[in-house]
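Sequence order for the protein chains is A and B. First residue of the first sequence: 1, per the numbering used here; consecutive thereafter. First residue of the second sequence: 1, per the numbering used here; consecutive thereafter.
Number of protein chains: 2
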Amino acid sequence: MGSLLIEGCDLLWVENGEVRFLQRQDIWIEGAFIKAIEPSGTLNPQENPERLPAEKLLAIPGLINTHAHVPMVLFRGLAEDVPIESWFNDYIFPLESNLTPEDVYWGALLGLAEMIEAGITSVADHYFFMDEVAQAVSEAGLRANLVWAVFGHEGEEKLARTAQFVQRWQGAAEGRITTWMGPHAPYTTTPEFLRLCARYAHDLGVGVHIHVSETADQVSFSYKQYGKSPVRVLLDSGVLDVPTILAHCLYPEEEDVRILADHPVGIAHAPKTYMKLGMGTAPVTKFRQAGISVGLATDGVVSNNTLDILEQMRLLALTQKDAAHDSTVMPIAEVLDIAFYGGAKVMRQNQRLGVLKPGYLADITLVRQDEIAGFPRYNPAANLIYSVSARDVDTVICNGNVLMRNRQLLTLDKETIKAEVQKRLERLTQRVPGRRIATYPIWRKPG
Amino acid sequence: MGSLLIEGCDLLWVENGEVRFLQRQDIWIEGAFIKAIEPSGTLNPQENPERLPAEKLLAIPGLINTHAHVPMVLFRGLAEDVPIESWFNDYIFPLESNLTPEDVYWGALLGLAEMIEAGITSVADHYFFMDEVAQAVSEAGLRANLVWAVFGHEGEEKLARTAQFVQRWQGAAEGRITTWMGPHAPYTTTPEFLRLCARYAHDLGVGVHIHVSETADQVSFSYKQYGKSPVRVLLDSGVLDVPTILAHCLYPEEEDVRILADHPVGIAHAPKTYMKLGMGTAPVTKFRQAGISVGLATDGVVSNNTLDILEQMRLLALTQKDAAHDSTVMPIAEVLDIAFYGGAKVMRQNQRLGVLKPGYLADITLVRQDEIAGFPRYNPAANLIYSVSARDVDTVICNGNVLMRNRQLLTLDKETIKAEVQKRLERLTQRVPGRRIATYPIWRKPG
Chain A
1 MGSLLIEGCD
11 LLWVENGEVR
21 FLQRQDIWIE
31 GAFIKAIEPS
41 GTLNPQENPE
51 RLPAEKLLAI
61 PGLINTHAHV
71 PMVLFRGLAE
81 DVPIESWFND
91 YIFPLESNLT
101 PEDVYWGALL
111 GLAEMIEAGI
121 TSVADHYFFM
131 DEVAQAVSEA
141 GLRANLVWAV
151 FGHEGEEKLA
161 RTAQFVQRWQ
171 GAAEGRITTW
181 MGPHAPYTTT
191 PEFLRLCARY
201 AHDLGVGVHI
211 HVSETADQVS
221 FSYKQYGKSP
231 VRVLLDSGVL
241 DVPTILAHCL
251 YPEEEDVRIL
261 ADHPVGIAHA
271 PKTYMKLGMG
281 TAPVTKFRQA
291 GISVGLATDG
301 VVSNNTLDIL
311 EQMRLLALTQ
321 KDAAHDSTVM
331 PIAEVLDIAF
341 YGGAKVMRQN
351 QRLGVLKPGY
361 LADITLVRQD
371 EIAGFPRYNP
381 AANLIYSVSA
391 RDVDTVICNG
401 NVLMRNRQLL
411 TLDKETIKAE
421 VQKRLERLTQ
431 RVPGRRIATY
441 PIWRKPG
Chain B
1 MGSLLIEGCD
11 LLWVENGEVR
21 FLQRQDIWIE
31 GAFIKAIEPS
41 GTLNPQENPE
51 RLPAEKLLAI
61 PGLINTHAHV
71 PMVLFRGLAE
81 DVPIESWFND
91 YIFPLESNLT
101 PEDVYWGALL
111 GLAEMIEAGI
121 TSVADHYFFM
131 DEVAQAVSEA
141 GLRANLVWAV
151 FGHEGEEKLA
161 RTAQFVQRWQ
171 GAAEGRITTW
181 MGPHAPYTTT
191 PEFLRLCARY
201 AHDLGVGVHI
211 HVSETADQVS
221 FSYKQYGKSP
231 VRVLLDSGVL
241 DVPTILAHCL
251 YPEEEDVRIL
261 ADHPVGIAHA
271 PKTYMKLGMG
281 TAPVTKFRQA
291 GISVGLATDG
301 VVSNNTLDIL
311 EQMRLLALTQ
321 KDAAHDSTVM
331 PIAEVLDIAF
341 YGGAKVMRQN
351 QRLGVLKPGY
361 LADITLVRQD
371 EIAGFPRYNP
381 AANLIYSVSA
391 RDVDTVICNG
401 NVLMRNRQLL
411 TLDKETIKAE
421 VQKRLERLTQ
431 RVPGRRIATY
441 PIWRKPG
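See below:
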């Protein structure tokens, strides 16, 4: 069990709505955990630890991405400026029919490399061929909650196999991997199918990660088909009785908010996707006032183009101020609370992640603060949200292990990954008419 | 007169709404101008030029910032999460009362350094102590349109001195500096004062750079005070008869759009500021459909936190899609047209800037394309807008001179500038009650 001493960094300590900027701190890590944080030079570890000089770097909790489809980095830039129905039916679902397990493995490694470079140490991933994603996570060194996405039309046998995946990988990679159930969405399954998912989750002692209420059309479709909102469909099928990550939830009904507040639910919020697809945005402040946890998410790269939680922090603040026409909403302390503690809470890891303090897991991101765009440094938290780039992330530590140092990836070989991806691109970009992994329902005439 | 050959870069050629991605090109620069662009290896300059290897870099027109208050970088992060009235009256105007000419000089150098690092080669700057800003521009090597901001309460003598500034610096720094008149806004001047500004501009053969219609309150205040919109006030005072940069113009009346379309006017659009201050956004598509030029702008760093046009390109696309609830609006080609050609048109430089082609000025930005966040590279233009960071800018050329190479600034000493700024900060951040350079009118009760 290794011992590591991060020396002389500044530190952003955020807890219970309070933000403190601490200068020149040492962080002592024993194994996977933070053992102590004290003013630089005052700690005396007996174990002669490995030393990591970090002067002028800003330590923040490793960033948490509460909803992604990591291997979709393979398709970055292939579906631009198209309506959401076409985005699914003409691009995503046809493109995904090209994927082999090996493609997903290399795509996952590419996306995990991008996330480490952006300071992300935890991700909730929702995709398929998840054995390959788990293998990639195991090698990359991040922490991940993984679900094998399943559509209703794939049937109960497929569902059973996704439950086997849950058992196969639960707690793997020194405990960095957790696994849940992953029905795609209420609009691509049935209430009966969801009930079965919930039962699996309950019996396995795990949670569910699912898309819900992404568009107003989805909600009205649900009323037409079932006489109730998508959130109610989830409630009545038992999904909300287990821990649940709800991706997006832009259009909750008033009753939905009350339902969600009474259940072990967290919202994954991905504002760049919402802007890019013209979806509107979620009532983040209302969720939080109701006591519902919100964390940040990148979603997949075909809607979002990057796997970058710092960018989502910036867009969270900007979109909420914009939507409210009020510059005082979503202040700095709240953005930090959502990104750090909120993300950990949505992942059900808030007892050990989301704050830099002794006893918590050593998932730490160190960010450069010497760029001109972050100078003067009156307000390091404002700089983090409004001026910093993911390119300023210098060092990333997860579970006590250093994954990147001075922007050099230590667990992954970037050039090999890029070369492996490059040679697959021509095949992956073919779109064969009529061949797709699923169909997004079109409730209104396009245009 | 130097000769420079940029070798083997890719190139984004955007003209008349068409976007072409050209691979492996050489760009031959003679003096301040582009002499030829051809497939790599096919050019044979006689003059034995300096060679600049640029393989894998993407050449784009040097970015154009159509409205800024560059020296405000001195106050980055000092006015967060406050309402617009407080932003002006409790922060900006009191803080600015601390500024000496020498502060402005060092602030300008800091902001110009940030802009070069972000690939910006032209800026329209609206501030005071502009001799110092002009001196800084002269040293930094960028191109700038400079106005000395003036408020109505400062009187006619001050206005006359800003006109003297126009004459003093017109065409300076090898023609890189142009100078216009800079009345602050209709709400901080009077129609008579504006008429005088317009007359100066007309007599000097220059344009006017002014803020207008930033909030709905400003527009209704104008109706109450003058019985007409702020744009009509500008029209009737003769301002729109000379070339005019209108900063922001978020709330034009229907009639205003027709007026602007009939005059030599360009709109400076700064979406990050609008989101951050909860101001709404401008009807960019409507402006363009009416034939009104729109360029991108950073505004000042106290509202925007960065001087970064790549970020404004991203936010232009995202905010317009979001406002329209339509993912097909503001497609990639239009974003590029606004950023490149639109910026040049707003600056009245579209006969020699905004496109990379022979005969045009050699203002060129070279961007790295090898970051994971920009891989795969199916769609280099989408990557530029949605994935690239200002930190990926590698090399910047303005007027045929290399200002940055491999991220090293060649004209400015970053550490000296930061040290000079640092020692001024304590004095600059004092806010003395009642001491401010101007007062923003409060038309409604706060809260």
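Every residue, glycine too, gets a C-beta built ideally from N, C-alpha and C. Computed from a predicted structure; not experimentally measured.
*asked:* For chain B, check one thing: does any of its Cβ atoms lie closer than 8 Å to the Cβ of F21 of chain A?
replied: no
_Under DSSP, the alpha helix (DSSP H) around W106 of chain B begins and ends at which residues?_
P101 to E117
_Within a Cβ cutoff of 6 Å, which residues of the same chain sit near G447 of chain A, ignoring the five residues on either side of it in sequence?_
Bear in mind that a pLDDT of 39 at G447 of chain A, under 50, signals an unreliable position, so the number given afterwards is only what the model happens to contain. Result list for G447 of chain A: empty, nothing under 6 Å.
*What's the C-alpha gap between P230 of chain A and G31 of chain A?*
Going from the Cα of P230 of chain A to the Cα of G31 of chain A covers about 43 Å.
*If you measure beta-carbon to beta-carbon, which residues of the stretch 273-284 of chain A are closer than 7 Å to chain B?*
M275, K276, L277, G278 and G280
*Where does R348 of chain B land, buried or exposed, given buried means 16+ other C-beta within 10 angstroms?*
With a threshold of 16 other beta carbon atoms within 10 Å, R348 of chain B meets it and is buried.
*Are any of the Cβ atoms in chain A nearer than 8 Å to that of K418 of chain B?*
yes
*For the stretch 370-401 of chain A, enumerate the residues whose C-beta is nearer than 9 Å to any C-beta of chain B, in chain order.*
D370, E371, I372, A373, G374, F375, P376, R377, Y378, N379, P380, A381, A382, N383, I385, Y386, S387, S389, A390, R391 and D392
*At a CB-CB cut-off below 7 Å, which residues of chain A make contact with D81 of chain B?*
S327, T328, P331 and I332
*If you draw a straight line from the C-alpha of R431 of chain A to the C-alpha of V388 of chain B, how long is it?*
27 Å
_Nearest by alpha-carbon distance to I245 of chain B: which of B:W180, B:D256 and B:P45 is it?_
B:W180
*asked:* Less than 7 Å between C-beta atoms, sequence neighbours within five positions excluded: which residues of the same chain meet that for K56 of chain A?
replied: Apart from sequence neighbours up to five positions away, the residues of its chain that approach K56 of chain A with a beta-carbon distance below 7 Å are Q369 and D370, ordered along the chain.
*Could you tell me whether the Cβ of D489 of chain B comes closer than 8 Å to any Cβ of chain A?*
Nothing in the structure corresponds to residue 489 of chain B, since chain B is present only between 1 and 447.
*For T319 of chain A, which of A:V421, A:A290, A:K276 and A:Y187 has the nearest alpha-carbon?*
Out of A:V421, A:A290, A:K276 and A:Y187, the CA that lies nearest to the CA of T319 of chain A is found in A:K276.
*Would you mind sorting R391 of chain A into buried or exposed? The rule is 16 or more other CB atoms within 10 Å of its CB.*
Burial call: buried.
*Taking contact to mean at least 3 C-beta pairs separated by less than 8 Å, is the stretch 221-241 of chain A in contact with the stretch 186-195 of chain A?*
yes
_Within a Cβ cutoff of 6 Å, which residues of the same chain sit near I29 of chain B, ignoring the five residues on either side of it in sequence?_
Contacts found: L4, A362 and G400.
*Nearest to E156 of chain A by alpha carbon, out of A:L196, A:Q135 and A:G77?*
A:L196
*Residues of chain B with CB under 7 Å from E117 of chain A, in chain order?*
I372
*Could you check which residue in B:L316, B:V265, B:E253 and B:Q23 has the C-alpha nearest to that of T281 of chain B?*
B:L316
*Could you work out which residues of chain B lie near S140 of chain A, taking near to mean beta carbons separated by less than 8 Å?*
Rather than Ser, the amino acid found at residue 140 of chain A in this sequence is Ala. Correct list: empty, because the minimum Cβ distance to chain B is about 12 Å.
*asked:* Here's the rule I'm using: 16 or more other beta-carbon atoms within 10 Å means buried, otherwise exposed. How should E132 of chain B be labelled?
replied: buried
*Under three-state DSSP, which class holds I332 of chain A?*
helix
*Answer yes or no: does any C-beta atom of chain A fall closer than 8 Å to that of E55 of chain B?*
no
*Within the stretch 252-320 of chain B, ranges of the beta strand (DSSP E) (whole runs, at least 3 residues)*: Listed in chain order, they are 265-269 and 293-296.
*Length-filtered (4 minimum) alpha helix (DSSP H) runs lying within the stretch 351-416 of chain B*: 380-386
_When you compare the CB of A297 of chain A with every CB in chain B, is at least one pair closer than 8 Å?_
no
*Roughly how many angstroms lie between the CA atoms of I60 of chain B and S220 of chain A, to the nearest whole one?*
45 Å
_Euclidean distance between Cα positions of I120 of chain B and D394 of chain B_ = 12 Å
*Given 8 Å as the limit, is there contact between the stretch 332-341 of chain A and the stretch 371-385 of chain A, that is, 3 or more CB pairs closer than that?*
yes
*Under 8 Å, do A297 of chain B and A68 of chain B count as touching if we go by C-beta distance?*
yes
*Answer yes or no: does any C-beta atom of chain B fall closer than 8 Å to that of L78 of chain A?*
yes
*Would you tell me roughly how many angstroms separate the C-alpha atoms of L43 of chain B and T328 of chain B, rounded to the nearest one?*
40 Å
*If we ignore side chains and look at the alpha-carbon of each, how far apart do R288 of chain A and R352 of chain B end up?*
52 Å
*In the DSSP assignment, what residue or residues form a beta bridge with N145 of chain B?*
According to DSSP, residue pairing for N145 of chain B in a beta bridge involves B:A124 and B:T178.
*State the DSSP-derived secondary structure class of W443 of chain A, mapped to helix, strand or coil.*
Assigned with DSSP and collapsed to three states, W443 of chain A falls in coil, not helix or strand.
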